[in-house]
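A.B. asks:
Protein chains: 2
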Amino acid sequence: MIAKTTKPPYYAVIFTSERTKNNNGYSKTAIRMEELAKKEAGFLGMEAARSELGITVSYWNSLEAIQHWKENVAHSEAREKGRSDWYKAFKVRICKVEKEYGFEK
Amino acid sequence: MIAKTTKPPYYAVIFTSERTKNNNGYSKTAIRMEELAKKEAGFLGMEAARSELGITVSYWNSLEAIQHWKENVAHSEAREKGRSDWYKAFKVRICKVEKEYGFEK
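Protein sequences appear in the order of chains A and B. Position 62 of the first sequence, counting from 1, maps to 69 under this note's numbering, and the rest follow consecutively. Position 90 of the second sequence, counting from 1, maps to 97 under this note's numbering, and the rest follow consecutively.
#1: Given that B/L51 touches chain A, what residues does it touch there, using C-beta distances under 8 angstroms?
#2: A/E107 versus chain B: which residues are under 8 angstroms apart at the beta carbon?
#3: Please state whether DSSP places A/I73 in a helix, a strand or coil.
#4: Residue range of the beta strand (DSSP E) that A/A48 falls in?
#5: Hey, B/F110 and A/R90 are a contact pair by Cβ (cut 8 angstroms); roughly how many whole angstroms apart?
#6: Considering only the alpha carbon of each residue, which of B/Y94, B/E42, B/R57 lies closest to B/H82?
#7: Using the C-alpha atoms, what's the distance from A/K11 back to A/C102?
#8: Which of the residues in the segment 20-41 of chain B, read from start to end, lie with their CB under 9 angstroms from any CB of chain A?
#9: Compute the Euclidean distance between the alpha carbons of A/A85 and A/W93, then round it to the nearest angstrom.
#10: In chain order, what residues of the same chain lie with their CB nearer than 8 angstroms to the CB of B/E59, ignoring the 5 residues before and after it?
#11: Compute the beta-carbon to beta-carbon distance between A/A44 and B/A56, rounded to the nearest angstrom, for a pair I have assumed lies under 8 angstroms.
#12: Give a yes or no on whether 8 angstroms exceeds the smallest Cβ distance from A/A56 to chain B.
#13: Does DSSP classify B/I9 as helix, strand or coil?
#14: Alpha carbon to alpha carbon, what distance is there between B/M40 and B/P15?
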């Protein structure tokens with residue numbers, strides 16, 4: 008589902024990744040991280056898709072909210088596991104959403 | 008592939024979409040649009056993935072470059088077709104990438 012975010016400005020974290028073939032615990036952790044992120048103050052929504060590349064975009068109302076989520080202990084542990092097991096490469100981009108428009112039938 | 012962008016700040020356009028079942032001309036146009044975007048001044052890279060949701064992120068060195076690409080005639084025609092045929096819903100978010108970090112094995 009397209010995330011129903013507030014009016015800009017707000018923040019987006021674009022997480023782009025290339026996976027390894029190691030799926031050990033990956034799906035369970037991905038679901039858990041989404042559950043935990045939703046409970047964070049300032050969380051606005053999340054969108055994800057995977058083909059060869061995986062793209063997950065999470066939306067937040069402030070840089071402080073992003074930082075707080077980064078410091079979450081379970082999230083930090085998951086990131087460690089990501090580096091050691093699940094990802095060949097990833098990139099995280101912290102962005103300020105300045106403008107948006109949309110379309111719905 | 009993860010896009011090899013320059014050092015921030017630069018700009019990202021996050022295009023999130025829900026498709027209809029109408030594929031008529033879609034793939035061909037998507038490939039053509041990527042080819043054309045790559046030729047635009049200020050284009051830095053593109054990343055795409057599709058599951059239930061499609062996410063395409065394109066990166067640009069300025070808001071002017073994004074505007075110029077938006078005004079491209081072939082791109083405008085493709086967007087019209089997108090609204091009439093290919094998409095149930097979409098959202099476009101124009102963002103300033105302020106910070107990034109990555110990891111590669």
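Backbone N, C-alpha and C fix where the C-beta goes; we use that ideal spot for every residue, glycine too.
C.D. replies: This is what the structure holds:
#1: Position 44 of the second sequence, counting from 1, holds the residue named residue 51 of chain B. Within chain A, no residue comes near B/L51; the closest Cβ sits about 11 angstroms away, beyond 8 angstroms.
#2: For the purposes of this step, residue 107 of chain A is taken as the residue at position 100 of the first sequence. Under the 8 angstroms cutoff, chain B gives K98, V99, R100, I101.
#3: If you number the first sequence from 1, residue 73 of chain A lands on position 66. Three-state result, A/I73: helix.
#4: Indexing the first sequence from 1 puts residue 48 of chain A at position 41. Where A/A48 is concerned, there is no enclosing beta strand (DSSP E), given that its DSSP letter is neither H nor E.
#5: Position 103 of the second sequence, counting from 1, holds the residue named residue 110 of chain B. Position 83 of the first sequence, counting from 1, holds the residue named residue 90 of chain A. Their Cβ separation, rounded to whole angstroms, is 6 angstroms, which keeps B/F110 and A/R90 in contact under 8 angstroms.
#6: Taking the first residue of the second sequence as position 1, residue 82 of chain B is located at position 75. When only C-alpha atoms are compared, the closest one is B/E42.
#7: As a first step, residue 102 of chain A is located in the first sequence; it is residue number 95 there, counting from the start. As a first step, residue 11 of chain A is located in the first sequence; it is residue number 4 there, counting from the start. Distance between the alpha carbons of A/C102 and A/K11 is about 17 angstroms.
#8: I21, T23, S24, E25, T27
#9: Numbered from its first residue, the first sequence carries residue 85 of chain A at position 78. Numbered from its first residue, the first sequence carries residue 93 of chain A at position 86. Spanning the two alpha carbons is a distance of roughly 10 angstroms.
#10: Walking along the second sequence from the start, residue 59 of chain B turns up at place 52. Once the five neighbours on either side are set aside, the close Cβ partners of B/E59 are E25.
#11: Indexing the first sequence from 1 puts residue 44 of chain A at position 37. Indexing the second sequence from 1 puts residue 56 of chain B at position 49. That pair is no contact at about 19 angstroms.
#12: Here residue 56 of chain A corresponds to residue number 49 of the first sequence, with the count starting at 1. So yes, A/A56 belongs to the interface.
#13: By 1-based counting over the second sequence, the position of residue 9 of chain B is 2. Coil.
#14: Here residue 15 of chain B is taken as the residue at index 8 of the second sequence, counted from 1. Here residue 40 of chain B is taken as the residue at index 33 of the second sequence, counted from 1. Going by the C-alpha atoms only, they are around 25 angstroms apart.
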